[in-house]
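Order-wise, the sequence lines are chains D and V. Mapping of the first sequence onto this note's numbering: residues 1 to 381, in sequence order. Mapping of the second sequence onto this note's numbering: residues 1001 to 1299, in sequence order. Ideal placement from N, C-alpha and C gives every residue a C-beta, glycine not left out. These notes concern the structure reproduced below.
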Amino acid sequence: MLRAAIIGLGKMGLSHQSMVNVHPQLKLISVCDSSGYVLDVLSKYTRVKTYTDYKKMLAAEQLDCVFVATPSRYHAEIVAAALERNLHVFCEKPFALDPGIGYGLADTAERKKLVNQVGYHYRFVATFNETKRLLEQNLIGELHHVRAEAYGPVVLRPKGATWRSQKSEGGGCLFDYSCHAIDLLNYLVGRPIAVSGSVLNSVFSNDVDDEIYSTFQFSKGLYGQLATNWSDESFRKMSVKLSLWGSNGRINVDRQELQVYVRSPRPEEAGFGAGWTVRYTTELTKPVWFYVRGEEYSAQIDHFVQCIKTGGVALSNFRSASDTSLVADRMRADADKSRTPVEVNGVESVKGGGDLSGSRPAKSLVRSLLDRIGMGQINNG
Amino acid sequence: MDRVLFGDNQFFGVNHMSEEKARAQSMRFQDIAAVIEVLEDAYAEGIRTFMCTTHERIAEVCDHFRRHAEKYPGFKFYPCLPYAHKYANAAAELGVLGAVRSFLPQENALGALLKGGMSLARKDVEGLAGLLIDAEMKMFAGVETPIIFLQNVATDFLLGLGFDDAFKIFNDHVRERYAAEPGFITMNAPFLLEKLEKMGLKNPIICANVNKIAFRMCGGLEAYEAMIVQNRCRLIAMSVFASGALPPQEALDYVCKFPQIKAIVFGASSRRNIAHTKHLIERRTLSGSPVAAEPTPRQ
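Written as structure tokens, this is what we have:
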């Protein structure tokens, strides 16, 4: 049995607690939170040992691993303290807000051969993993465009009372919603080499962004767009959707459903004939040992345990999560810097209007636009 | 308990297979009149029980059935609470305690607030849970609610935490305050049943997925089948079509193989599908299954 503790008992920490507590290979030793109220109730009714100071807990308890689910701003400090004590660490997303610090923690964990995982749970959703497999099989050919969208109802009023509405605490749609979409793009098509045209816009919030748009450039002429908005209550809960276009077809995928359009079928993928094929979560999802709120939340915890048991590398780790923070960080930099937009003014009609034969080739137009807005290059050196 | 119960996922944009379908449904049922029309169809087909969440729009449905009670003799509601997304969204916005506070009753202020405030201060979970249940049950005043369910997110969250007393608290409050029976919705039925029995809640009402592909049946098919044949709980089967992954006849052949299952809950949006599904269930129930293939109506 691996001895586990949880630090931070908000929505995510409590949800982890309910799964950790019943995992057959984990023994929940203690929990830690700054709210004495929540701790008192848990201690009275679930008899779990509680702490208000994580340093005291780490010093006092014999542990194998910790789950960190505090507000984002505290992740780095707590993770560093846990690594210092040679504990395997599962940290909630978005991991360290500063990608430089994140990569440093990744170095430490890797050097110490400690399992390090971050709660980007979409990497454990069956439809997205099937998409990854199909992309690796090159089913839809060379990708040329991807679109990642995430919408949901988090902020629907100007005032919020928690850290999620404060920029200094790592609040805002960028590190909450966008990071999921960025992480999925990184997972499925690789990290972009540049971002441009990023917009961080407020819909309701005073201090943070509520909707984010950006253009990504990947290698080999692949471009992507990202659109995320956490002020959209037309969605019952967060919804993440990816659309990918390749030289041999396209894929639309969300948590429930995978729609694949294939131009020329490939013999090794017999299940995907010409035209549309639809696969559903019901047939793709593997069973989990315990279900609270979606198989992926259970699966990621079990994956963490199995990585500890086998010395494996987590599917979503400190390094991949730092890549995600890096892209988010560059998007913010891109949005902050002043640039000269290409103005759209009235154009005098030319003879033979509608005939585009004399216009510039589309590709050079795109390139010149990109040059004019100045793509923010991504380097992590 | 009736053999066939009518569910409400289709009315509130819940579809475990397709977001597009879910959106189309939430558009169609935007006007509560469309919901009531389908419920009237279900009533006309002989269905008498509506198992529903405590989504705020259900209040309008309750209003209708209260106002026109004489038109629907025998019609009853099985409320399933809490409406979890409301709490999850509020917890993200207000924090865990803030969310709890925001759902305590506002009106009839003095008594309720005092009691709520005192419950909060004394960490009196029984008192607090009672107030939250009462707040959700308000919309059902004056309609029949013989069984009140704890939603699966809440049941399974508490089950995982080991907050076993919560089931007893729910049981006691529902019985004392509403003279109703408690029910528990879960995705982990064999595990839950064990816990409930340990708490002294014998032969409980449990609503869980039952389908032959074991979709969201934690513990596995074998454990579920063993639990069913032991007949230690009054089981209501849900998600029998595994969100549409199974053809209706095949799905019902499997579920109706177990005479121990007390009821089947399903959702549908047209009278034709309601009638067809109800007929399929009843034919299997009366004749013993499996029965010969029947034509499926076009969707």
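For TRP276 (chain D), the number of other beta carbons within 10 angstroms of its own is below 16, and it is reported as exposed. Nearest to ASN252 (chain D) by C-alpha distance, out of D:ARG157, D:GLU343, D:LEU135 and D:ASP302, is D:LEU135. Closest option to LYS1071 (chain V), judged by alpha-carbon separation, among V:CYS1080, V:TYR1087, V:ALA1044 and V:ILE1058: V:ALA1044. Partner residues in the beta bridge of LEU28 (chain D), as assigned by DSSP, are D:ALA4. Taking all protein chains in view, the Cβ of LYS1278 (chain V) is crowded by 16 or more other Cβ atoms within 10 Å, so the residue is classified as buried. A buried status is given to VAL260 (chain D), since no fewer than 16 other beta-carbon atoms sit within 10 Å of its beta-carbon. In the three-state reduction of the DSSP assignment, ASN1152 (chain V) falls in the helix class. With the rule of 3 Cβ pairs closer than 8 Å, the region 260 to 270 of chain D does not count as touching the region 215 to 234 of chain D.
Think of a sphere of 7 Å around the beta carbon of PHE1215 (chain V): the chain D residues whose beta carbon falls inside it are THR282, in chain order.
Per DSSP, LYS11 (chain D) lies in no beta strand (DSSP E) segment; the continuous alpha helix (DSSP H) that holds it begins and ends at 11 to 20.
For CYS1218 (chain V), the closest Cβ of chain D is nearer than 8 Å. Membership of ILE301 (chain D) in the alpha helix (DSSP H) is indicated by the continuous run 295 to 310.
For PHE1157 (chain V), the nearest beta carbon of chain D is closer than 8 Å to its own beta carbon. For the region 208 to 241 of chain D, the residues whose beta carbon sits under 7 Å from a beta carbon of chain V are, in order, ARG236, LYS237 and SER239. Taking each of D:ASN248, D:LEU258 and D:LYS11 in turn and checking the Cα distance to TYR1087 (chain V), the smallest one comes out for D:LYS11. Distance from the CA atom of MET1217 (chain V) to the CA atom of LYS286 (chain D), rounded to whole angstroms, is 11 Å. Contact annotation: SER202 (chain D) and ASP209 (chain D) have beta-carbon atoms nearer than 8 Å. Per DSSP, ASN345 (chain D) lies in no beta strand (DSSP E) and is assigned neither H nor E.
With its beta carbon less than 8 Å from one in chain V, GLY10 (chain D) belongs to the interface.
The beta carbon of ASN21 (chain D) sits closer than 8 Å to some beta carbon of chain V. At the C-beta level, GLN1010 (chain V) and PRO1082 (chain V) stay beyond 8 Å of one another. When DSSP states are grouped into helix, strand and coil, THR50 (chain D) belongs to the strand group. Assigned with DSSP and collapsed to three states, HIS75 (chain D) falls in helix. Shown in chain order are the members of the region 1238 to 1262 of chain V whose Cβ falls below 7 Å from a Cβ of chain D: ALA1242, SER1243 and ALA1245. Excluding residues up to 5 positions away in sequence, ALA1084 lie with their Cβ nearer than 7 Å to the Cβ of VAL1153 (chain V) in the same chain.
Among the residues of the region 98 to 126 of chain D, none has a Cβ less than 8 Å away from any Cβ of chain V.
When Cβ pairs closer than 8 Å are counted between the two stretches, the region 132 to 152 of chain D is seen to touch the region 223 to 236 of chain D, the count reaching three or more. Scanning the region 222 to 292 of chain D from its first residue to its last, the whole beta strand (DSSP E) runs of 3-plus residues come out as 223 to 229, 239 to 246, 249 to 253, 257 to 262 and 275 to 280.
If only uninterrupted beta strand (DSSP E) runs of at least 3 residues are considered, those enclosed by the region 1032 to 1084 of chain V are 1049 to 1053 and 1076 to 1081. Ranked by Cα distance from GLY246 (chain D), the options D:ARG330, D:ASN138, D:PRO158 and D:SER234 are led by D:ASN138.
A distance of 8 Å or more separates the beta carbons of LEU1252 (chain V) and ASN1211 (chain V).
When C-beta atoms of the region 44 to 52 of chain D are compared with those of the region 98 to 109 of chain D, fewer than three pairs fall below 8 Å, so the two segments do not count as touching. Taking a C-beta cut-off of 7 Å against chain D, the contacting residues of the region 1151 to 1178 of chain V are VAL1153, ASP1156, PHE1157, GLY1160, LEU1161, GLY1162, PHE1163 and ASP1165, listed in chain order. In this chain, SER320 (chain D) is not harboured by any beta strand (DSSP E); it is covered by the alpha helix (DSSP H) spanning 318 to 336. At a cut-off of 4 residues, the continuous stretches assigned as alpha helix (DSSP H) that sit fully inside the region 1201 to 1231 of chain V are 1221 to 1230.
Counting C-beta pairs with one atom in each stretch, the region 71 to 85 of chain D and the region 289 to 308 of chain D have fewer than three that are closer than 8 Å, which means they do not touch.
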